[in-house]
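Chemist: Quick note on the numbering used here: the sequence shown kicks off at 97 and runs consecutively.
I have a structure I would like to understand better, so I am pasting it below and will then ask my questions one at a time.
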Amino acid sequence: MDKVKEIVSEINNGNPKPIYFLMGEEPYYIDRISQYIAENVLTEDEKGFNQMVLYGKDTSVDEVVANAKRFPMMAPYQVVIVKEAQHLSRTIENLVPYAENPQPTTILVFCYKYKKLDKRKKLYKSIHKTGELFESKKLYDNQVADWIRRTMASKKYKISPKSCVMLVEFLGTDLSKISNELDKLTLIVPPTTEITPELIEEHIGISKDFNNFELKKAIGERNVKKASRIIDYFAQNPKDNPFVVTVTLLNTFFTQLLQYHGLKDHSPGNVAKVLGVNPYFVNEYVVAARNYPMKRVSGIISSLRRLDLKGKGVGASNMAQADLLKELLSEII
């Protein structure tokens, strides 16, 4: 986030770099930076003659360089954006001569998604000297909730920890997808409002009561009645609640619970730090640890791994999700 702000700041201050090589596993920031450059460097009148978008599948490094060497017409810069530039990976080193001596009146942007340059090679070193190398790294599951919180805070909204977890559970770690849903919420809900599970259920369609987060909590509390209701709901809505997601989340939970049992320091701050969870959820592990001794947790993890294989058709052909869910609950509780 800090690097993104730095790039935006230098563009706003009229000091853009001649090359922006945006690379990495997380496409969200690559798209956002390239979009910002496309929208803010040139005026609408200047864009007609001085802004060009090329696609990696349909172009070559030589063609990109030829366009980059042009001079702008009645504008301080020309902007050349190469989208899906990862398709040029086999010949990308051919960019070295241009990277060593880039056209100062051109802003050349590469959107090199899901790949990154080899730091040992000449192109990386050349761009490092003359341009901007930005690596957009994939966030870990336990980092996405904090990303949501910070994103909403920048838009003058608060969001509860449970709401963050619901979004991550339902939408995964795809930042673009999460951002789209958050944008919808900000169009409906006024600033300074706290985003609650109820608002998410109403406007995004994620059930606040029947989700994996609530199932995990009910199982941790050994609340058989509540867990059974959620399992029944999942069985009736298998497309919205895939078994693989449920078993993966529970496996993560019990693995963390095993870590909790092994800790000498059970203070909330240390537990949150070691397990990589929000302090808000530490009490769930305290409660679950009382209900599931370490030896039992180890057995549950083994059962979950076996059920994960069953869910993928190993050792149980075409087993219905309802049956898998019932067996899962039976194995745990």
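All residues carry an ideal CB built from backbone N, CA and C; glycine is no exception.
Considering only their Cβ atoms, is the gap separating residue 282 from residue 254 smaller than 9 Å?
Modeler: Counting from 1 along the sequence shown, the entry for residue 254 is found at position 158. Counting from 1 along the sequence shown, the entry for residue 282 is found at position 186. With respect to the 9 Å criterion, residue 254 and residue 282 are not classified as neighbours on the basis of their beta carbons.
Chemist: Check whether the Cβ of residue 175 lies closer than 9 Å to any Cβ atom in chain B.
Modeler: Judged by its chain identifiers, the structure shown contains no chain B, having just a single protein chain.
Chemist: Can you look up residue 388 in the DSSP assignment and give me helix, strand or coil?
Modeler: By one-based count along the sequence shown, residue 388 stands at place 292. In this structure, residue 388 counts as coil in the three-state DSSP scheme.
Chemist: For residue 119, which beta-bridge partners are listed by DSSP?
Modeler: As a first step, residue 119 must be located in the sequence shown, where it is residue number 23. When DSSP reads this structure, residue 119 sits in a beta bridge with 208 and 231.
Chemist: How long is the line joining the alpha carbons of residue 428 and residue 297, rounded to whole angstroms?
Modeler: Within the sequence shown, numbered from 1, the residue matching residue 428 stands at position 332. Within the sequence shown, numbered from 1, the residue matching residue 297 stands at position 201. Approximately 28 Å, taken between the alpha carbons.
Chemist: If residue 185 and residue 209 are in contact, beta carbons under 8 Å, what's the gap, nearest whole angstrom?
Modeler: Translated into the one-based positions of the sequence shown, residue 185 becomes position 89. Translated into the one-based positions of the sequence shown, residue 209 becomes position 113. With 8 Å as the limit, residue 185 and residue 209 do not qualify as a contact, their Cβ atoms being about 11 Å apart.
Chemist: Rounded to whole angstroms, what is the Cα-Cα separation between residue 395 and residue 361?
Modeler: Reading the sequence shown from its first residue, position 299 is the one you call residue 395. Reading the sequence shown from its first residue, position 265 is the one you call residue 361. Across the structure, residue 395 and residue 361 are spaced so that their CA atoms are roughly 24 Å apart.
Chemist: Can you grab the Cα-Cα spacing for the pair residue 245 / residue 167, in whole Å?
Modeler: By one-based count along the sequence shown, residue 245 stands at place 149. By one-based count along the sequence shown, residue 167 stands at place 71. Their backbone Cα atoms lie some 43 Å apart in a straight line.
Chemist: What ranges does the beta strand (DSSP E) occupy inside the stretch 113-162, keeping only unbroken runs of at least 3 residues that lie completely in it?
Modeler: 115-120 and 147-151
Chemist: Quick check on DSSP: helix, strand or coil for residue 199?
Modeler: Within the sequence shown, numbered from 1, the residue matching residue 199 stands at position 103. Residue state, collapsed to three classes: coil.
Chemist: Helix, strand or coil for residue 290? Go by DSSP, reduced to three states.
Modeler: Your numbering for residue 290 matches position 194 in the sequence shown. The answer is strand: DSSP assigns residue 290 an E or B state.
Chemist: Using the Cβ count rule (16 or more neighbours within 10 Å means buried), how would you classify residue 293?
Modeler: Taking the first residue of the sequence shown as position 1, residue 293 is located at position 197. Flag for residue 293 reads buried.
Chemist: If you draw a straight line from the C-alpha of residue 419 to the C-alpha of residue 400, how long is it?
Modeler: Working through the sequence shown from its first residue, we reach residue 419 at position 323. Working through the sequence shown from its first residue, we reach residue 400 at position 304. Using only the alpha carbons, I get a separation of about 14 Å.
Chemist: Starting from residue 360 and walking both ways along the alpha helix (DSSP H), at which residues does that stretch end?
Modeler: Start at 1 with the first residue of the sequence shown, and residue 360 comes out as number 264. Premise fails: residue 360 is in no alpha helix (DSSP H) and is neither H nor E.
Chemist: In or out: residue 375 buried (at least 16 other Cβ within 10 Å) or exposed?
Modeler: For the purposes of this step, residue 375 is taken as the residue at position 279 of the sequence shown. Counting Cβ neighbours within 10 Å, residue 375 comes out exposed, since fewer than 16 surround it.
Chemist: Could you have a look at residue 215 and say whether DSSP puts it in helix, strand or coil?
Modeler: Numbered from 1 along the sequence shown, position 119 holds the residue referred to as residue 215. The answer is coil: DSSP assigns residue 215 none of H, G, I, E or B.
Chemist: Tell me whether residue 187 counts as near the ligand GTP, meaning its Cβ is closer than 8 Å to at least one heavy atom of that ligand.
Modeler: Ligands displayed in this structure: none; no statement on the ligand GTP is therefore possible.
Chemist: Where does residue 438 sit, in a helix, a strand or coil, going by DSSP?
Modeler: Limits of the chain in this structure are 97 at one end and 429 at the other, which puts residue 438 out of reach.
Chemist: In terms of alpha-carbon separation, which member of 384, 344 and 340 lies closest to residue 354?
Modeler: Taking the first residue of the sequence shown as 1, we reach residue 354 at position 258. Nearest of 384, 344 and 340 to residue 354, Cα basis: 384.
Chemist: Can residue 346 and residue 265 be called in contact, C-beta distance under 9 Å?
Modeler: The residue given as residue 346 occupies position 250 in the sequence shown. The residue given as residue 265 occupies position 169 in the sequence shown. No; because the gap between Cβ atoms is not below 9 Å, this pair is not in contact.
Chemist: I'd like the list of long-range same chain contacts for residue 287, defined as Cβ closer than 8 Å, with 5 residues on each side in sequence excluded.
Modeler: Reading the sequence shown from its first residue, position 191 is the one you call residue 287. Correct list, in chain order: 251, 252 and 253.
Chemist: Give me the DSSP bridge partner(s) of residue 103.
Modeler: Taking the first residue of the sequence shown as 1, we reach residue 103 at position 7. Note: residue 103 sits in no beta bridge, so no partner.
Chemist: Classify residue 315 as helix, strand or coil using the three-state DSSP reduction.
Modeler: The count along the sequence shown starts at 1 and reaches residue 315 at position 219. Three-state DSSP puts residue 315 in a helix.
Chemist: What does the alpha-carbon distance come out to for the pair residue 474 and residue 422?
Modeler: Only positions 97 to 429 of the chain appear in this structure, which leaves residue 474 out of reach.
Chemist: Quick one: which unbroken beta strand (DSSP E) runs of 3-plus residues sit fully inside the stretch 251-283? Chain order, please.
Modeler: none
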